[in-house]
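Undergrad: I have a structure I would like to understand better, so I am pasting it below and will then ask my questions one at a time.
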Amino acid sequence: MMVEAEREISLGASPASVWQLLMDFDNYAAWHPFVRLKGEPGLGEIAYTYSSSLARVRILLAPATITRLDPERCFEWRSGVRRIFLTIESYTLEPRGAGTLLIHRLEYRGALSALLHGRLARKANAMVMRTSQSLAAYLARHRLKAWARPGKAGPGKPASGKRRRR
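Using the numbering used here, the first residue of the sequence shown is number 7, and each one after it goes up by one.
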């Protein structure tokens with residue numbers, strides 16, 4: 007039996023910008039509330055750390071494998087033991103005008119996922135929602151900081167940093 011949770015979110019950033027954030031493993035702590043990845047973005051093994059107040063296991067260190075890596079389109083990694091307990095997390099990016107539709111998916115597979123189905127389903131949904139919201143908030147803050155730099159104009163704000171009179 008499989009447990010799955012998925013969330014779609016519209017982001018005001020280009021697929022290239024979202025992809026850059028997803029591939030910047032060193033800065034996952036800035037936006038991902040549960041996962042830290044270490045290694046080089048590419049197919050193959052990376053180090054995976056999971057920590058959460060939503061689970062009994064507060065910190066889990068394990069190897070993970072990047073199984074899909076299609077630049078600016080899809081990123082997927084897996085961790086665990088097949089048929090016992092396997093975690094699969096993926097991000098799919100679809101261009102939407104000047105922005106991106108991000109599809110964030112989390113799956114649990116294996117015998118333990120069947121035994122813990124109800125509890126895992128609730129936690130998976132909460133994790134996907136919180137992670138997607140954190141990523142969107144990080145991108146929004148990042149863009150606002152760029153607009154606020156001296157000499158740079160942002161929406162509704164002149165380059166001088168002074169407010170326009172209406």
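We put the beta carbon where it would ideally sit given N, CA and C, even for glycine.
A quick note: this is a predicted structure, and the numbers were derived from the prediction, not measured.
1) Are three or more beta carbon pairs between the stretch 116 to 125 and the stretch 22 to 31 nearer than 8 Å?
2) Do you know offhand how far T106's Cα is from T71's?
3) Under the three-state reduction of DSSP, which class applies to D30: helix, strand or coil?
4) Within the continuous beta strand (DSSP E) that includes S85, where are the two ends?
5) Looking only at its own chain, which residues have a Cβ that is under 8 Å from the Cβ of E12, when we skip the five neighbours before and after it?
6) I need the straight-line Cα distance from F91 to Y54, nearest angstrom please.
7) Have a look at G86, M29 and S96 and flag the residue whose alpha-carbon is nearest the alpha-carbon of R74.
8) Excluding the 5 residues flanking L67 on each side, which residues of the same chain have their C-beta closer than 6 Å to its C-beta?
9) From what residue to what residue does the beta strand (DSSP E) around H110 run?
10) Where do the ends of the beta strand (DSSP E) carrying A53 lie?
11) Just to confirm, are V9 and A130 a CB contact at a threshold of 7 Å?
12) Assign A70 to one of three DSSP states: helix, strand, or coil.
13) Excluding the 5 residues flanking S138 on each side, which residues of the same chain have their C-beta closer than 8 Å to its C-beta?
14) Can you tell me the Cα-Cα spacing of K168 and A146, whole angstroms?
15) I need the DSSP call for A35, collapsed to helix, strand or coil.
16) Give me the residue from K44, E78 and F31 with the minimum Cα distance to E100.
TA: A quick look at the data gives this:
1) no
2) 25 Å
3) coil
4) C80 to V87
5) I109, H110, R111, L112 and V134
6) 15 Å
7) S96
8) T55
9) G105 to R115
10) G50 to S57
11) yes
12) strand
13) R13, I15, L108 and H110
14) Because the pLDDT of K168 is 40, which lies under 50, any placement of that residue in the model is unreliable, and the number read from its coordinates should be weighed accordingly. Rounded to whole angstroms, K168 to A146 spans 21 Å at the Cα level.
15) helix
16) E78
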